Amino acid sequence: MAATPLELRPLGNTGLKVSCVGFGASPLGKVFGEVSESDAIAAVRQAFSLGINFFDTSPYYGRTLSEKMLGKALKALGVPRNEYIVSTKCGRYSTDGFDFSAEGVTRSIDESLERLQLDYVDILHCHDIEFGSLDQIVNETIPALLKLKEAGKVKFIGITGLPLGIFTYVLDRVPPGTIDVIMSYCHYSINDTTLEDLLPYLKSKGVGVISASPLAMGLLTESDPPDWHPASPEIKAACQAAAAYCKEKGKNISKLALQYSLSNKDISTILVGMKSVKEVNDNVSAAIELATFGKDQETLSEIERILKPVKNQTWPSGIWQS
Ligand code: NAD
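Numbers 1 to 322, taken from UniProt numbering, label the letters of the sequence shown in order.
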């Protein structure tokens with residue numbers, strides 16, 4: 001692996017410096033297929049050794065399995081706690097649905113910390129808030145998270161979800177500095193760049209930007225997406241055509257997609273879901289290659305042409321309407 005270090009970028013006003021490639025741990029919950037415990041631990045170890053310092057999970061991923069696996073893997077690293085940044089989430093659960101109540105999220109963090117074998121998490125996100133009442137998030141959930149911050153269980157507060165309007169709705173209604181980061185997903189990759197329009201607003205608020213799912217949750221890979229993938233048949237077919245085009249040209253769609261997402265420096269970190277040492281190696285190499293040689297613009301333009309009919313198309317999520 002190249003000696004060039006993985007780029008670190010500031011995360012809003014948090015003072016944290018996150019690796020530009022972050023480790024999405026939902027695959028450790030077997031969300032994208034089988035993963036053995038030893039492969040999960042090896043993937044996390046390899047990621048850390050190659051300069052990835054940011055790891056994201058949730059109690060929702062694999063019915064808490066992702067948090068447990070990540071906890072074991074981080075412990076196995078045997079390095080000081082301040083050398084890695086961990087985010088988990090609250091409010092969305094695979095067993096009980098959604099619960100953004102103050103009582104629920106306060107209980108949730110204690111359970112998460114136990115599974116993760118940690119004393120604190122760097123970031124606690126309210127998970128997929130478009131499924132709840134945004135007014136409850138503003139008036140009840142965020143105040144409860146502020147208390148967790150005071151108690152030292154959480155360093156920073158975030159919100160996540162799919163519709164981009166949720167972020168402005170909440171950020172416009174809380175005092176500046178209350179929400180430290182947002183996590184958007186599937187809105188900054190070759191097929192969908194709608195997050196771009198929100199970046200100046202987020203920057204003006206000093207909010208750190210985490211963009212997840214650069215591979216569109218498996219659409220921009222050479223494998224089939226998981227059965228649960230919510231994209232329309234048109235989006236799936238266009239992504240499949242783009243992947244086939246790349247393969248024919250001896251290129252890899254996942255590498256190009258990750259490089260495309262990493263190119264926007266107003267985004268602090270791109271969270272990729274990883275479950276093997278190979279994926280970690282490929283993704284870190286893609287980032288280093290980008291930093292050294294720049295983007296493969298010729299192939300990217302061709303992929304953009306193939307994806308144009310579905311550009312910026314998404315899918316419904318949650319109960320919130322703008
Ligand atoms: P992703 O776009 O990162 O794709 C993950 C899939 O691509 C997995 O199947 C993975 O094994 C595969 N993959 C990874 N690297 C590859 C490579 N080099 N070549 C081929 N395949 C590769 O989607 P994701 O995992 O859903 O998103 C990343 C992370 O972001 C999640 O793990 C999670 O931590 C976070 N996330 C959060 C939310 C939310 O808060 N609502 C939503 C989506 C994702």
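For glycine and all other residues, C-beta sits at the position ideal for the given N, C-alpha and C.
No experiment lies behind these values; they were computed from the predicted model shown.
Can you look up Met1 in the DSSP assignment and give me helix, strand or coil?
Interpretation of Met1 is limited by its pLDDT of 49, a score under 50 that renders its predicted location unreliable; the figure taken from the coordinates is listed afterwards. Of the three classes helix, strand and coil, the one that applies to Met1 here is coil, per DSSP.
Please check the pair His127 and Cys186, which I expect to be a contact at CB under 8 Å, by giving their CB distance rounded to whole angstroms.
That pair is no contact at about 15 Å.
Just mark Val79 as buried or exposed, buried being the case when its beta carbon has 16 or more other beta carbons within 10 Å.
Val79 is exposed by the Cβ-count criterion.
In this structure, how does DSSP classify Thr160 when only helix, strand and coil are distinguished?
Of the three classes helix, strand and coil, the one that applies to Thr160 here is strand, per DSSP.
Report the partner residues of Asp99 according to the DSSP bridge assignment.
Beta-bridge pairing links Asp99 to no other residue.
Take Gln117 and list the residues in its own chain whose beta-carbon comes closer than 8 Å to its own, dropping the five residues that flank it on each side.
Closer than 8 Å at the Cβ level, and outside the excluded window around Gln117, lie Gly71, Lys72, Leu74, Lys75.
Specify, as a first and last residue, the run of the beta strand (DSSP E) that Met69 falls within.
Not the beta strand (DSSP E): Met69 falls in the alpha helix (DSSP H), residues 65-77.
Buried or exposed for Glu196, going by 16 or more other Cβ atoms inside 10 Å?
That one is exposed.
Helix, strand or coil for Pro309, going by three-state DSSP, please let me know.
Pro309: helix per DSSP, three-state reduction.
Can you determine whether any heavy atom of the ligand NAD sits closer than 8 Å to the C-beta of Cys186, and answer yes or no?
Yes, since a heavy atom of the ligand NAD falls inside the 8 Å radius drawn around the Cβ of Cys186.
For Ala120, tell me which candidate among Ile157, Asp96, Phe98, Ser101 has the shortest Cα-Cα distance.
A small fix is needed here, since residue 120 is Tyr in this sequence, not Ala. Comparing Cα-Cα distances from Tyr120 to each of Ile157, Asp96, Phe98, Ser101, the minimum goes to Ile157.
Locate the alpha helix (DSSP H) running through Ala244, then write down its first and last residues.
Counting along the chain, the alpha helix (DSSP H) containing Ala244 begins and ends at 233-248.
Closest by CA to Gln136, which one among Asp99, Glu114, Ser108?
Ranking the options by Cα distance to Gln136, first place goes to Asp99.
Suppose you measure from the CA of Glu111 to the CA of Glu37; what does that come to, to the nearest Å?
Cα-Cα distance, rounded: 21 Å.
If we call anything under 9 Å between Cβ atoms a contact, is Leu258 one with Ala242?
Cβ distance not < 9 Å, so Leu258 and Ala242 don't count as in contact.
DSSP on Lys17, reduced to helix/strand/coil?
Lys17 falls in the strand class under three-state DSSP.
Any heavy atom of the ligand NAD inside 8 Å of the beta-carbon of Leu220?
Indeed, a heavy atom of the ligand NAD lies less than 8 Å from the Cβ.
Run the CB neighbour count on Gln297, radius 10 Å, all protein chains shown included, and call it buried at 16 or more, exposed below.
So Gln297 counts as exposed.
CA-CA distance, Phe131 and Gly177?
Cα-Cα distance, rounded: 24 Å.
Could you tell me if Pro309 is buried or exposed, where buried requires 16 or more neighbouring beta carbons within 10 angstroms of its beta carbon?
Per the 10 Å Cβ criterion, exposed.
Using only alpha-carbon positions, find the residue among Thr106, Arg305, Ser263 that is nearest to Thr292.
Comparing Cα-Cα distances from Thr292 to each of Thr106, Arg305, Ser263, the minimum goes to Ser263.
Please report how far the alpha carbon of residue 332 lies from the alpha carbon of Lys155, in whole angstroms.
The displayed coordinates of the chain run from 1 to 322. Any statement about residue 332 would go beyond what the structure contains.
Under 8 Å by Cβ, that's how I've got Val18 and Phe54 pegged, so tell me the actual separation to the nearest angstrom.
Right, their Cβ atoms sit about 4 Å apart.
Identify, in the order they occur along the chain, each residue of the same chain with its Cβ nearer than 6 Å to the Cβ of Asp200, setting aside the five sequence neighbours on each side.
Sequence check: residue 200 is Pro here, not Asp. Correct list: empty, nothing qualifies.
Whole angstroms is fine: what's the gap from Met1's alpha carbon to Phe48's?
Because Met1 sits at a pLDDT of 49, beneath the cut-off of 50, its placement in the model cannot be relied upon, and the following sentence gives the value as read from the coordinates. Going by the C-alpha atoms only, they are around 13 Å apart.
Using a Cβ-Cβ cutoff of less than 8 Å, which residues in the same chain neighbour Lys278 once the five nearest sequence positions on both sides are dropped?
Around Lys278: no qualifying Cβ.
Tell whether a beta-carbon distance below 9 Å holds between Leu300 and Ile210.
It is not a contact, given that the beta carbons lie outside the stated cut-off.
Enumerate, from N- to C-terminal direction, the unbroken beta strand (DSSP E) stretches of 3 or more residues contained entirely within the segment 23-63.
Within the segment 23-63, the complete beta strand (DSSP E) runs of at least 3 residues are 54-56.
Under 7 Å Cβ to Cβ from Trp315, same chain only, skipping five residues before and after it: list those, please.
The residues are Pro230, Ala231, Ser232.
In terms of residues, what are the limits of the alpha helix (DSSP H) holding Val284?
That run of the alpha helix (DSSP H) goes 277-293.
Mind pulling the alpha helix (DSSP H) runs of 4 or more residues that sit fully within the segment 105-163?
The qualifying runs are 142-150.
What distance in whole Å lies between the Cβ atoms of Ala212 and Gly24, which are believed to be in contact at a cut-off of 8 Å?
Right, their Cβ atoms sit about 6 Å apart.
I need the DSSP call for Leu199, collapsed to helix, strand or coil.
Correct three-state label for Leu199: helix.
Which two residues bound the contiguous alpha helix (DSSP H) that contains Leu271?
Looking at the DSSP string, Leu271 is not in any alpha helix (DSSP H); the run it does join, the beta strand (DSSP E), is 269-273.
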